[in-house]
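The next block holds one structure in the form of structure tokens; read it before the comments.
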Amino acid sequence: MARRVPRTTLDRLRTPRRFPGFLKSASICVLIAGLLSPLTQVTASAATASNDYCGGQCSDILPPGENGNATLAQILLNQAFGTQPSHAEDQLGPYANLANGYSTLTDSTINTFFNDASFGVPSDQVASTEKPAGRGDVTIVRDKKTGVPHITGTTRYGTEFGAGYAAAEDRLWLMDVFRHVGRGQLTTFAGGAASNQGLEQEFYRNAPYTEADLQAQIDNAVAKNGARGQQALDDANAYLAGINSYIDASDSGRYFPGEYVLTGHKDAITNAGTIDHFKITDLVALASVIGSLFGSGGGGEVNNALSLIAAQSKYGVAEGTKVWESFRERNDPEAVLTVHNGESFPYASKPDAAQGEALPDAGSVTQEPLVYDRTGSAATASATSTSATAAKTTLSSAKRGMSNALVVSGKYTKSGHPIAVFGPQTGYFAPQLLMLQEIQGPGISARGASFAGLSMYVELGRGQDYSWSATTSGQDIIDSYAVELCQDDYHYLYHGTCTAMDKVEQANAWKPTTADGTAAGSYTMRVWRTKYGPVEYRATVGGKKVAYTTLRSSYLHEADSIIGFQMLNDPDFVKGPADFQTAAQHINYTFNWFYADSQHTAYYNSGDNPVRASGVDAEFPVWGQAAYEWKNWDPATNTADYTPASAHPNSIDQDYYVSWNNKQAKNYTTASWGDGSVHRGNLLDDRVKKLVAAGGVTRTALVKAMADAALADLRAEDVLPKLLKVVGSSTVTDSTAAAAVSKLQAWVTDGARRTETSAGSKTYADADAIRILDAWWPLLVKGEFEPGLGSDLYTAFTDNLPVDEAPSAGHGPTGSHAGSSFQYGWWSYVDKDIRAVLGESVQGGLSQKYCGGGSLSSCRDILISTLKTAAGMTAAQVYPGDDQCSAGDQWCADSIAQRALGGIKHGRISWQNRPTFQQVVEYTSHR
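Every letter in the sequence shown is one number past the one before it in our numbering, and letter 15, counting from 1, is 1194.
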């Protein structure tokens, strides 16, 4: 059966605004009629699998829908009339409805909001079958409800061929977009919109690979992994053959994605033009994007140095360092932990006496330019502003975290079997970055989600009698080195020899298309590479000119994780929690991995954690000298000694696990700031801890805990009561402040959630209180801390950690309309400082009291003053509007938008802070 085709770009991307005008053409109806061709479906039967040990208690969901491909006719119909292709958004409604439906949830109604994730398709639910390319060794069955491909092969090659074919059926355009993103070639391929420029710049700065670099990564991954490495290569080649077979079939049949026409790659009338076949290096380019987005913790060492210098400038070296450390919260004793049994896993700790630090001279740091020779639309103010934002995102330690997990041991469940509710928060796109599939074949038995274009294996999902998932962990696998310059700005000293930097360039040019009307433009991205990684900044250290480089352990190793995923899909390999942990150890990106079967739960923190030289402080740049390099580091292959598996946070059968990108374990330092007393992980920990204490946990109870936390305002639940305690320490006589306090208190009493008055009302209960807190938070933080820290240090610390990340905030690493919220903010600082001012016990407190200089009455005055200002702000001032919403629309400002990566659009849904792909599992038996 021929299926349809996808959308336009990524992350901050949206469907270009030229589409509506194009669709007003008088010829649209004629064009649609000419392009529509009936797509036949062949009905067949398929038995449910006998290798499923979940007993009908495995569920999953992935909005908006499985079908991410749309023909030109379907795109035009969607743009003109809102018509949706089959299975393009049938998972969006159930996903959205949980926000208002979870309070009455029962085990029997879970699949009202999730899909049945059992293996196989009941015969009466088979929508179609196909034998891709007429092959006799693989069958793709799609179910009626969601259109998910269930791929069954009798040979390994056929199985992977089918996986590639199904991936192209569901996500071809998206896969093509991302292979170009990974090469820094998006604008040339999809258009020169400022957002496209920013996106390719962000990733090219992280991974400026040549074609030879991409191929070498494949060769090295295969060579070092023996039989499994060769099997991975064979699987990848079969997968690529399936993708390319679909490209040929859809091209000759003229049902390829319509975006190829709208971006000028194909002609709708003559069919002229080509869709390039995929090659194996494309998979590495794709992997580099995903790894950079979600699995590369670290960086920010230069920013850390700048804030340390600012602190020392204000307070002196000793006191300034103490102040800096208190805000850094490397190992805060009040931080919520995933491994909470007291076990310690020291990593990236502060050394007793730092060695090799290369802090810049004050005022000498400049960011290394990436973009040169701008012409046309690349030279506009919008384009240069986008470039600045992309650079800031890339160089910050505040990486996209996202994803959560709630896992409870069978000892505390009603059934005696473990229960898990977990999944990744990968943002909301149309089509989604992930795709659902089931793969059954020799050595493979799994169902779940995979990133489009990398779906030769299920990456997050279930096997026959076990499920696994991940959250971003963020431990530091990235270091910054100061290399001393010699001869000129493009030579540096390497082990005493003046060595030339390697110049890598990517020249891009674009012109207007139907999809993207951005005027013609061009530029060249240029990266200077050293043995210590790409140059990111220039500065002087002690008067010497240096370049600061960035080296991550996964650089030149984007393909290595394939072995871990291969193991997770292999039923003969994973037979219990220890096997699961072994598989996760083969994943070099920074993730927290969780596991549940009918008897056990488990956790493992993955990533190639480099063994640093004695005395090196991972927080700051160090000299690019042999004494400060990673142990046994080989610059030719970027390999080194890594900490052993036992040193990574890991656990089997703890009473429960929670993760929302919080601290993994005692003494395990993550690269990003904010692992303190208040973290969004507390929203899960507080709820699950209560469930476990009561015992008898059910799937319903755990889903409710997740869903309730997904609507909670972290600031309101965990910090606002303390702020109101200060405000209420004396009678509030000002009528404006008193009214605001009353509204805020009522909201806290109601549960401090951001939820609609009723399903579909698009109006929040406690709307005034929410508006007041949204306006108050940045004002109170500045009023509380800036007077004591001073403007320079306050600004430097906000560069390390954003003040706020409310759902409506269009700042921070997540951005607006993205769902994920409250990962980065000053909630812990406010919490600790306010408690100190109140005279309450604080472990790991800030080095000073800041609110009102430590005076309760002065602190109260600041809070009331800023509260009055916030209460007087209109909704239009607090929610100024954007490309999605009009000014003052509070619900819309929070709402989740499926960002169009192609031609199909979807409506907004009410805010939830939960995984994009999510599983609910409780296995009843084991092999």
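The beta carbon of each residue, even a glycine, is placed where N, CA and C say it ideally should be. No experiment lies behind these values; they were computed from the predicted model shown.
Residue state for K1445 is assigned as strand, using DSSP reduced to three classes.
In the three-state reduction of the DSSP assignment, P1328 falls in the strand class. Around the CB of V1496, fewer than 16 other CB atoms lie within 10 Å, so the residue is classed as exposed.
The C-beta of I1448 has fewer than 16 other C-beta atoms within 10 Å across all chains shown, which makes the residue exposed.
One alpha carbon belongs to Y1494, the other to Q1843, and they sit about 32 Å apart. Residues of the same chain with a CB within less than 7 Å of the CB of L1664, apart from the 5 flanking positions on each side, are H1670, Y1671, K1724, V1725 and A1726 in chain order. Distance from the CA of D1531 to the CA of G1794, rounded to the nearest whole angstrom, comes to 7 Å. With contact defined as three or more Cβ pairs closer than 8 Å, the stretch 1263–1278 and the stretch 1632–1644 are not in contact.
DSSP places H1670 in the uninterrupted beta strand (DSSP E) bounded by D1667 to Y1673.
By DSSP's assignment, M1885 forms no beta bridge with any residue. Around the beta-carbon of F1368, 16 or more other beta-carbon atoms lie within 10 Å, marking it buried. Counting along the chain, N1687 sits inside no alpha helix (DSSP H); it lies in the beta strand (DSSP E) bounded by residues D1681 to W1689. Annotation: the continuous beta strand (DSSP E) that includes C1237 extends over C1237 to I1240.
Beta-bridge pairing by DSSP links Y1836 to V1586.
Restricted to the stretch 2003–2070, not a single beta strand (DSSP E) segment is unbroken, complete and at least 3 residues in length.
S1646 has R1641 and A1775 as its beta-bridge partners, per DSSP. When secondary structure is reduced to three states using DSSP, E1715 falls in the strand class. If you compare the alpha carbons of S2000, S1265, R1933 and L2025 with that of D2012, the shortest gap goes to L2025. Secondary structure note for V2099: its beta strand (DSSP E) is the uninterrupted segment Q2097 to V2100. Annotated three-state conformation of R1553 is strand, per DSSP.
V1905 sits away from W2006, with the two beta carbons spaced by 8 Å or more. Put simply, the backbone Cα of A1386 is about 8 Å away from that of G1361. Nearest C-alpha to F1964 among S1830, G2033 and W2070: G2033.
In the structure shown, Y1591 falls within a helical segment according to DSSP collapsed to helix, strand and coil.
Judged by their CB atoms, R1731 and I1657 are nearer to each other than the 8 Å cut-off. Annotation: the continuous alpha helix (DSSP H) that includes N1482 extends over E1480 to Y1494. The beta carbon of R1933 sits closer than 7 Å to those of L1890, D1892, Y1943, I1949, P1986, D2073 and W2090, all from its chain and outside the five residues before and after it, given in chain order. It is roughly 47 Å from the alpha-carbon of S1523 to the alpha-carbon of M2052. Under the three-state reduction of DSSP, F2001 is assigned to coil, being neither helix nor strand. If you draw a straight line from the Cα of S1471 to the Cα of Y1607, it comes to about 18 Å. Within the same chain, and ignoring the five residues on either side of Q1604 in sequence, the residues whose Cβ sits closer than 6 Å to its Cβ are M1581, S1582, S1999, P2094 and T2095. Secondary structure note for E1798: it is in no beta strand (DSSP E), with a DSSP letter that is neither H nor E. When beta bridges are read from the DSSP output, C1677 appears opposite L1672. Annotated three-state conformation of E1379 is helix, per DSSP. The continuous alpha helix (DSSP H) containing G1341 extends over residues R1335 to G1361. The Cβ atoms of E1536 and V1801 lie closer than 8 Å to each other.
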